[in-house]
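For reference, the structure discussed in these notes is given below.
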Amino acid sequence: MRSPVPAMLTAPSAAAAVAKALPVARSNTTAALHATASSRRDVMTGVGAALLLALSPQRARAASDDEYLTETTEVIGKVRSTISMDKTDPKVADAVTELREMSNSWVAKYRREKALLGRQSFRDMYSALNAVSGHYISFGPTAPIPNKRRIRILEEMDAVEKSLKRGR
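Heads up: the sequence shown runs through residues 89 to 256, numbered per our numbering.
What follows is the structure, given as C-alpha cells:
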C-alpha cells in the first residue's frame with residue numbers, strides 16, 4: 089500500500105545530510121571568545137557555589153542532653169527577666185533584641201533534633217518562645233506583654249522546668 093504523502097517529503101534531502109555532516113567553521117577569535125565565555129561561566133559557577141557555602145548558616149547540632157538542659161535553662165531565665173521588665177526601662181528594647189536572638193538560635197539548634205521533638209519540655213518551650221516572639225514582632229520591642237499572655241508564658245516556663253527535671 090502506498091503512502092498518501094510523497095516520498096520526497098518524508099525522506100531526508102541530500103542537502104540536509106550534507107549540511108549536518110559539515111562542521112561550522114569558526115575563526116580563531118570566535119573560538120577564543122567561546123572558550124573564554126565557557127571558562128568564565130565555570131569560574132562564576134564555582135564562585136557562586138563557594139559564596140553559597142560560606143554565607144549559608146551552618147546547621148547547629150545538639151551535642152548532648154546536658155547541653156540542651158543548660159541552654160534551655162538559660163533561655164528560660166532570659167524570657168522571665170525580659171517579660172518582667174518595666175515598660176519604662178530604657179533597656180527593654182536591647183533585652184528584647186537579645187531574647188529574640190537567643191530564642192532564634194535555640195529554635196534553630198533544637199527543632200531538627202528528632203530525639204527532642206517528642207519531649208514535653210521542647211514543645212512547651214517552643215510554644216512559649218512563639219508567643220513571646222510573635223508579640224514583639226507584632227507590637228514592637230517596647231510594647232509590654234499583656235498580663236494574661238505573661239501569666240500563660242510564665243506557666244509554660246514552669247512546666248518546662250518541671251519537664252526538664254524529670255528528663256522529659
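Don't be surprised by glycine CBs; every beta carbon is placed ideally from N, CA and C.
Residue from the options with nearest C-alpha to residue i
i	options	result
Gly222	Arg199, Arg188, Lys202, Arg200	Arg188
Arg237	Met190, Leu217, Leu252, Lys250	Leu217
Ala183	Val248, Arg200, Ala231	Ala231
Lys179	Pro229, Lys250, Pro234, Arg256	Pro229
Met190	Thr176, Asp154, Gly165, Lys202	Gly165
Distance cut-off 7 Å: residue i Cβ against heavy atoms of the ligand MN
i	result
Ser251	This structure simply doesn't include the ligand MN, nor any ligand for that matter.
Residue range of the alpha helix (DSSP H) that includes residue i
i	result
Asp212	208-227
Thr170	153-171
Ala231	It is not in any alpha helix (DSSP H) - Ala231 carries neither H nor E in the DSSP assignment.
Thr185	180-198
Lys202	202-205
Proximal residues to residue i (C-beta, below 7 Å), its chain only, five neighbours per side dropped
i	result
Glu159	Trp194
Tyr249	In the sequence as presented, Tyr is not what sits at residue 249; that position holds Glu. Hits under 7 Å: Ile164.
Beta-carbon contacts of residue i that lie in its chain and below 8 Å, excluding the five residues immediately before and after
i	result
Arg147	At Arg147 the pLDDT is 46, less than 50, meaning the model places this residue with poor confidence and gives no usable figure here.
Ile171	Val220, Ile233, Arg238, Ile241, Leu242
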